[in-house]
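In terms of the UniProt record's numbering, the sequence shown opens at residue 1 and continues consecutively. Reviewing the structure listed below.
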Amino acid sequence: MVSSPRRSTPARRRRPAPRGSAEAAVGAPGTTLAPDAPHPASTAAASAAAPSAAPSTASAAAAHPLLRALAAVTIVALALRIPLQQGLEVGHVLAVVLAPLWIPRLARYRGAVVVAGAIVLAVGAGLWLTEASRGDHVVSRTETTYVTVMVLGLLAGIGVLLWARTLMRDATVAVWFGVGMLAGVNPSSTLFSSNPWKFGLTVPVTVLVLALAWRWGSRRAAAVALVVLVVLAGLNDARSELAILLLVLLVVLWEMRPSMPGRRGSVALTLLGLGGLALVVSQAGQALILEGYLGEATRQRTEAQLDESGSVITGGRPEVGAFVALLRAHPWGFGSGTFPTSTELGIAKTGMAALGYDPDNGYVEDYLFGEGFELHSLVGDLWTRFGLIGIALSVVILVVVLTGAARSVAHRAGAAVLVYVAVKTLWNLPFSPLYSSIPLLVLAVGLCLIPRAADPATARGEPSGADPARPRTRTRTRPRTRPARSPHGPLDA
């Protein structure tokens, strides 16, 4: 009698994961993620939040390439800033068309709803202040429309970047934005012809180069690029840019130090350290300038500013005096479409003269107050147009950028471009006009907002800027058909 062969025990069949679950989103073992695809667990979180609206995994995967291309085009258009009329730009139109896609994504990021609410409240406050000022000021409906569209475009740009971060890596978002900024440089402007690097190329080139280094996952490449950019800033009389780039370079070098396992940086201590480092860099940079290392013309201009007001900051930015004087005289602001009176012009001149600056040179009448209020300050421009709500919006932006950048640096995942746009935005808040600050403001807020705990990176304690150098591949493991041990010892012996 021949015995029948023993049937092998079949491997346990894997039960299909329910549709919309995290396991289904991750996919079967052996699935390789696309290089620019977002982490699948974030897709699972979105499916759980809205199961009725979530497409199947196959249809979503098929739609991602088209959505990523659409997001890239919109990001480039937002950074390119092609004007249409009354503050409206091509990027704004694309962002409005995509609003059904990015508005639901705001809730996925900590503080994004607060930022959006502050912008909407600021727009409403600007309209109300304009109507309230109509009795004793000249108001312009065209100016009101221009300012309103510009600030709502800020919200739309931030929303598009947050949506794009769910489709591609943060570094890729920064690369596309840098491409748009570089393509939008205007070589026909007067300032560009006087100093092309300082007044046209420095910020777009810095953003694009550092974003590419982030995309390649190389801190060494970022450090080398920063050294070159520091030299270019010094050779082209860009004092503030030189200090900012030096600070970013020191942060990148600090992150390249050998890691100590089991230790995680504190966000509060990181903020204190960055503040102290910024103070050291500013003092060292001023000393180098006064010693003539950046050229004789730069040294003479710096000495003149120190003699006038005792500080390079107030000497180089006398508009601060106008802002403080107007804030004391009219703390509620003026409105998004309100023009200054001769009384307010005199108050501003008095504040600037108190810093040792001569305001009777045409610059104050023609540029600062010729076509509305222009205080050469992001905070000042938001205050004049939106009142105290504008100052509150500035505080919200400050908190978002500081916490996002500090969290990244504390966890040693702060990309150089993220630190750069954060520091540059902190500089723009007191010292740069609203219009020219919009692109970097969109990029800084869009990258510094941190995903909520549902995001797998946040659940692991990683910052939003911590992109993996390459996607991880899950490999299928064959089910075990034999026991782990035998009477003769380990099977692997």
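Built from N, CA and C at the ideal position, the CB exists for glycine as well. Note that this is a predicted model, so its numbers are computed, not measured.
For Gly91 and Leu84, what's the separation of their Cα atoms in angstroms?
Rounded to the nearest angstrom, the two C-alpha atoms are 10 Å apart.
Quick test of your reading: Leu382 and Leu443, contact by CB under 8 Å. State the CB separation rounded to the nearest angstrom.
Actually they do not touch by this definition, with Cβ atoms about 18 Å apart.
If you reduce the DSSP assignment to three classes, tell me which class Thr148 lands in.
The three-state secondary structure of Thr148, taken from DSSP, is helix.
Does DSSP put Val138 in a helix, in a strand, or in coil?
Three-state DSSP puts Val138 in coil, outside helix and strand.
Going by alpha carbons, who is nearest to Val120 out of Leu393, Val417, Ala410?
Among Leu393, Val417, Ala410, the Cα nearest to that of Val120 is on Leu393.
Just to check my reading of the structure: Arg110 and Ile450 have Cβ atoms closer than 8 Å, yes? What is that Cβ distance to the nearest angstrom?
Rounded to whole angstroms, the Cβ separation of Arg110 and Ile450 is 5 Å, and the two are in contact under 8 Å.
Beta-carbon separation (whole angstroms), Trp214 vs Ala416, contact threshold 8 Å
The C-beta distance from Trp214 to Ala416 rounds to 7 Å, short enough to fall under 8 Å.
Start-end ranges of the alpha helix (DSSP H) lying completely within the region 180-226, minimum 4 residues:
Complete alpha helix (DSSP H) runs here, min 4: 190-194, 202-216.
Please report the residue range of the alpha helix (DSSP H) in which Pro100 lies.
Note, Pro100: alpha helix (DSSP H), 99-102.
Do the region 134-145 and the region 185-200 meet, that is, are 3 or more Cβ pairs less than 8 Å apart?
With a cut-off of 8 Å, the region 185-200 and the region 134-145 do not count as touching, because too few Cβ pairs lie within range.
Reduced DSSP category for Tyr367 - H, G, I as helix; E, B as strand; rest coil:
The answer is helix: DSSP assigns Tyr367 an H, G or I state.
Taking the beta carbon of Thr403 as the centre, do at least 16 other beta carbons fall within 10 Å, making it buried, or is it exposed?
Per the 10 Å Cβ criterion, buried.
Backbone CA spacing between Ala61 and Ala112 [nearest angstrom]:
Low per-residue confidence applies at Ala61: pLDDT is 42, beneath 50, and the placement is therefore not dependable, though the value from the model is reported in the following sentence. The alpha-carbon of Ala61 is positioned some 26 Å away from that of Ala112.
How many angstroms separate the CA atom of Ala125 from the CA atom of Gly414?
Ala125 and Gly414 have their C-alpha atoms some 36 Å from each other.
On the three-state DSSP scale, how would you describe Leu250?
If DSSP states are grouped into helix, strand and coil, Leu250 belongs with the helices.
CA-CA distance, Gly27 and Pro65?
Any answer about Gly27 is weak, because its pLDDT of 42 lies below 50 and its placement is not dependable; what the coordinates show is given next. For Gly27 and Pro65, the distance between alpha carbons rounds to 18 Å.
DSSP-derived helix/strand/coil call for Tyr109:
In the structure shown, Tyr109 sits in a strand (DSSP, three-state: E or B).
Opening and closing residue of the alpha helix (DSSP H) in which Leu84 lies
Leu84 -> not in any alpha helix (DSSP H); beta strand (DSSP E) instead, spanning 83-85.
Does DSSP put Pro451 in a helix, in a strand, or in coil?
Strand.
Rounded straight-line distance, which links the Cα of Ala243 to that of Ser436:
Approximately 20 Å, taken between the alpha carbons.
Could you give the distance in angstroms between the alpha-carbon of Val280 and the alpha-carbon of Leu247?
Taking the CA atoms as reference points, Val280 sits about 9 Å from Leu247.
Where does Leu88 sit, in a helix, a strand or coil, going by DSSP?
Of the three classes helix, strand and coil, the one that applies to Leu88 here is strand, per DSSP.
Out of Trp197, Arg169, Ala329, Gly335, which one is the CA nearest neighbour of Lys349?
Closest option to Lys349, Cα to Cα, is Ala329.
Three-way DSSP call (helix, strand, coil) for Thr166 in this model:
Collapsing the DSSP output to three states places Thr166 in coil.
By Cβ distance below 6 Å, which residues in the same chain neighbour Ala278 in space, the five residues on each side in sequence not counted?
Excluding sequence positions up to five before and after Ala278, its CB lies within less than 6 Å of the CB of Leu247, all in the same chain and listed in chain order.
To the nearest angstrom, how far is the alpha carbon of Leu447 from that of Thr74?
Here the alpha carbon of Leu447 sits roughly 16 Å from the alpha carbon of Thr74.
Three CB pairs or more closer than 8 Å across the region 198-208 and the region 91-102:
These segments do not touch.
Please state the DSSP three-state secondary structure of Thr338.
Thr338 falls in the strand class under three-state DSSP.
Check for me: the alpha helix (DSSP H) holding Leu382 runs from which residue to which?
Where Leu382 is concerned, the enclosing alpha helix (DSSP H) starts and stops at 378-410.
What's the gap between the Cα of Ala118 and the Cα of Pro104?
Here the C-alpha atom of Ala118 lies approximately 17 Å from the C-alpha atom of Pro104.
Nearest neighbour of Val379, chosen from Thr166, Val395, Leu155 [CA to CA]:
The shortest C-alpha separation from Val379 is found at Val395.
Residue range of the alpha helix (DSSP H) that Trp427 falls in?
416-431 is the span of the alpha helix (DSSP H), which, as asked, contains Trp427.
Could you spell out the range, first to last residue, of the alpha helix (DSSP H) harbouring Ala77?
Per DSSP, the unbroken alpha helix (DSSP H) holding Ala77 starts and ends at 57-80.
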